[in-house]
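Residue numbers (the numbering used here): 16 to 639.
Backbone N, C-alpha and C define an ideal beta-carbon position, used for all residues, glycine too.
These numbers come from a predicted model, not from an experiment.
Everything on this sheet refers to the single structure shown next.
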RNA sequence: CGGGGUGUAGCGCAGCUUGGUAGCGCGUCUCGUUCGGGACGAGAAGGUCGGAGGUUCAAAUCCUCUCACCCCGACCA
């Protein structure tokens with residue numbers, strides 16, 4: 016941890032500068048449910064509904080009720096404090112993004128249906144912002160006039176809209192969600208004031224934020240996706256229910272998401288064999304699964320050939336990536352192997368060029384010009400015998416008994432590359448598949464990758480000049496040379512972070528809030544709210560706690576004890592003070608931590624505030 | 001969008017096969033008795049059975065269409 020972050024703990028742990036909020040249960044809205052609505056399947060979703068944090072309005076759209084909103088606000092404030100401390104300034108951009116802004120970046124196409132689009136009364140089209148690279152680049156292009164204003168980092172905390180194909184799991188994937196997005200601007204990538212410096216600072220700030228939120232998380236290397244750019248990290252909250260799989264090397268500490276994860280050295284060789292090449296009629300079986308079943312073989316004994324093409328128009332090039340049938344091709348690795356952008360080939364175009372899509376084999380490299388064949392090492396070696404099944408390059412046919420050296424019809428690389436310059440073809444052995452658990456670690460010899468599940472709560476990117484190029488955003492540098500502006504962007508799913516925190520901190524009875532993002536720190540359970548003396552004690556304790564900066568919820572409902580205790584566990588505030596006749600007669604209240612399963616202990620009234628203060632401070636300072 | 005599933009009172013569900021008075025538990029309201037881990041008794045309110053059309057003397061139930069929501073797949077904070 017760097018020193019800046021450490022100082023922030025100290026600042027955050029000091030409660031003296033703010034008065035806590037006091038709220039009475041009967042004066043707010045906490046509609047707890049005894050049973051979870053049947054729509055909810057994951058713990059955080061169920062608990063957020065049961066504990067009265069939110070209600071569903073439509074798929075992926077929620078009302079945030081007082082408790083839920085308070086927690087979201089707490090996360091947002093932690094984010095705000097850390098961003099401010101990292102030298103970033105808060106702004107607020109419009110939700111509405113005119114479609115013209117996308118003209119330069121073509122992201123309306125990249126996002127496709129993910130964009131919520133609308134039309135105003137004059138027929139002008141706009142989108143509800145899914146993020147704001149375009150808006151902010153346009154803003155800064157006009158508002159920043161000199162490189163001397165760099166580096167500059169701006170952020171906002173705002174509702175984002177994404178028309179997800181499939182919203183799910185409550186706040187873990189909504190269509191409308193709260194996000195913090197930040198953008199940094201630089202003239203250079205390296206050195207003082209460069210992108211790298213800001214990226215590292217925000218990387219540290221993010222680490223600090225999630226530690227303060229009390230989360231157990233892993234930082235992984237990531238692909239940058241449609242937002243574009245070079246370096247990229249994701250912050251993953253470790254949770255078995257997470258949607259994302261990450262791979263880690265326990266020995267070196269290397270961690271990456273599946274799309275990005277590198278694989279260590281894999282030795283390979285082509286093994287000749289004597290089995291005959293045999294054609295099989297496999298009608299209507301373009302997929303591996305059905306062929307494997309039909310032929311009675313293992314997926315790992317098949318070669319999967321996926322056709323890509325270059326993205327720029329004209330001068331069409333074909334790339335056929337071959338992986339073992341049980342592996343998945345990784346587009347980014349294909350791109351890196353050939354050195355230019357690629358996309359999955361358009362089916363119609365590919366068929367015109369002669370590819371029997373669904374039944375392609377590596378042999379197309381011998382028949383179709385301008386084809387680069389990329390063979391994954393595991394697709395070269397094979398499991399044991401070197402015998403492969405693959406497509407027959409004819410619709411509805413596959414072959415078995417494929418032998419690389421004998422049947423390819425084109426020279427195979429002995430070392431790495433074999434070229435056939437005359438036809439524009441080449442054959443290379445290069446890693447082009449997704450990493451899997453059990454693969455060798457890229458960072459530590461002998462160590463293997465293991466899989467973990469996680470929830471992506473933040474993602475940071477070095478964008479480079481992608482957006483500044485699109486918007487022609489450039490600056491004169493000191494040498495009076497016009498330079499494109501280099502950018503970074505940094506996102507956090509604020510509402511998702513709350514859901515992830517619950518996913519990670521709950522038990523059968525309910526939520527167990529981390530101190531820093533609990534809606535209230537302390538719940539005072541008033542056993543006899545009608546008793547004026549008891550109520551007065553509660554009010555006095557609450558007032559003192561508030562003075563100490565602690566947020567207090569008083570359960571003043573005329574409910575039976577069982578109901579109150581069940582609800583207390585359900586809403587999961589970290590500290591529970593119970594004021595009942597027995598303890599008060601002894602001049603004490605019952606002090607219990609939500610994280611502690613015992614009955615709690617009696618604390619003299621005079622000492623209870625100090626006990627709470629020390630407990631809250633301990634909770635706020637806790638490391639993940 | 002492909003596959004699977006569900007829509008009946010605020011929440012959880014039964015009823016549908018075999019058409020005929022819309023039910024149960026929890027919650028809510030009133031009164032009483034209770035009062036340290038989701039009390040008990042008595043009474044009450046609350047439902048266009050997702051919507052539209054059709055079949056029928058009669059539809060929650062059968063048929064057609066439609067909408068919404070959930071789950072599994074591809075993308076993402």
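* Specify whether the stretch 229-236 and the stretch 521-532 touch according to this definition: at least 3 beta carbon pairs, one from each stretch, less than 8 Å apart. => yes
* Asked: What is the rounded straight-line gap between the Cα of residue 497 and the Cα of residue 164?
  -> Near 15 Å, if we compare the C-alpha coordinates of residue 164 and residue 497.
* To do: Taking 8 Å as the cut-off, decide whether the C-beta atoms of residue 569 and residue 195 are in contact.
  => no
* To do: For residue 184, I'd like the list of residues in its chain whose CB is within less than 6 Å of its CB, leaving aside the five on either flank, ordered along the chain.
  => Contacts found: 57, 60.
* Between the C-alpha atoms of residue 600 and residue 546, what's the straight-line distance to the nearest angstrom? -> In this structure, the alpha-carbon of residue 600 lies about 13 Å from that of residue 546.
* To do: Give every residue of the same chain whose Cβ lies closer than 7 Å to the Cβ of residue 82, excluding the five residues on either side of it in the sequence, and list them in chain order.
  => 45, 66, 67, 68, 534, 586
* Asked: Under three-state DSSP, which class holds residue 383?
  -> Assigned with DSSP and collapsed to three states, residue 383 falls in coil, not helix or strand.
* Taking residue 574 as the reference, give the member of 605, 550, 598, 540 with the closest Cα. => 540
* Given a threshold of 16 other Cβ atoms within 10 Å of its Cβ, counted over all protein chains shown, does residue 456 qualify as buried or as exposed? -> buried
* Where residue 567 and residue 627 are concerned, what is the direct C-alpha to C-alpha distance, given to the nearest angstrom? -> Approximately 11 Å between the Cα atoms of the pair.
* **Same chain, Cβ closer than 8 Å to residue 87, five either side skipped, listed in chain order** => 79, 193, 509, 510, 513
* **Run of the alpha helix (DSSP H) containing residue 211, from where it starts to where it stops** => 210-227
* Can you tell me whether DSSP reads residue 580 as helix, strand or coil? -> Of the three classes helix, strand and coil, the one that applies to residue 580 here is helix, per DSSP.
* To do: Please determine, among 614, 54, 53, the residue with the shortest C-alpha to C-alpha distance to residue 580.
  => 614
* With C-beta atoms as the reference, is residue 325 less than 8 Å away from residue 357? -> yes
* What's the call for residue 391, buried or exposed, on a 16-neighbour Cβ count within 10 Å? -> buried
* Among the residues of its own chain, which have a CB less than 6 Å from the CB of residue 449, if the five just before and after it don't count? -> 273, 343, 345
* Buried versus exposed call for residue 111 [16 or more other C-beta atoms within 10 Å across all chains shown] -> Around the C-beta of residue 111, fewer than 16 other C-beta atoms lie within 10 Å, and the residue is accordingly described as exposed.
* Asked: Taking the Cβ atom as the reference point for each residue, do residue 425 and residue 353 lie within a distance shorter than 8 Å?
  -> By the CB criterion at 8 Å, residue 425 and residue 353 fall outside the cutoff.
* To do: Would you check if the distance between the CB atom of residue 262 and the CB atom of residue 271 is smaller than 8 Å?
  => yes
* **Selection from 166, 421, 620, 411 that minimises the alpha carbon distance to residue 295** => Ranking 166, 421, 620, 411 by Cα distance to residue 295 puts 411 first.
* So the beta strand (DSSP E) residue 334 belongs to, where does it begin and stop? -> Under the DSSP assignment, residue 334 falls in the beta strand (DSSP E) whose first and last residues are 333-339.
* Using a Cβ-Cβ cut-off of 7 Å (strictly less than) and excluding sequence neighbours within five positions of residue 407, which residues of its own chain qualify? -> 294, 374, 376, 413, 414
* To do: Report the option in 589, 611, 604 whose CA atom is closest to the CA atom of residue 552.
  => 604
* To do: Between the Cα of residue 522 and those of 113, 366, 492, 584, spot the shortest distance and give me the residue it belongs to.
  => 584
* What is the rounded straight-line gap between the Cα of residue 323 and the Cα of residue 332? -> 8 Å
* How is the alpha helix (DSSP H) around residue 365 delimited, first residue to last? -> 362-368
* **Proximity to residue 555 [Cα-Cα], best of 468, 361, 592** => 592
* Please name the residue or residues paired with residue 403 in a DSSP beta bridge. => 417
* In the DSSP assignment, what residue or residues form a beta bridge with residue 607? -> 591
* To do: Note down, in chain order, each residue of its chain lying with its Cβ closer than 7 Å to the Cβ of residue 297, except the 5 sequence neighbours on either side.
  => 306, 309, 411, 412, 413
* residue 367 versus residue 383: straight-line alpha-carbon distance, rounded -> Roughly 11 Å separates the two Cα atoms.
* Closest residue to residue 320 among 102, 388, 146, 348 (Cα-Cα distance) -> 388
* Note down the Cα distance separating residue 246 from residue 608, rounded to an integer number of angstroms. => For residue 246 and residue 608, the distance between alpha carbons rounds to 42 Å.
* Nearest-angstrom Cα separation, counted from residue 318 out to residue 444 -> 14 Å
* **4-residue-minimum alpha helix (DSSP H) runs that sit fully inside the stretch 104-168, ordered along the chain** => 122-126, 148-158
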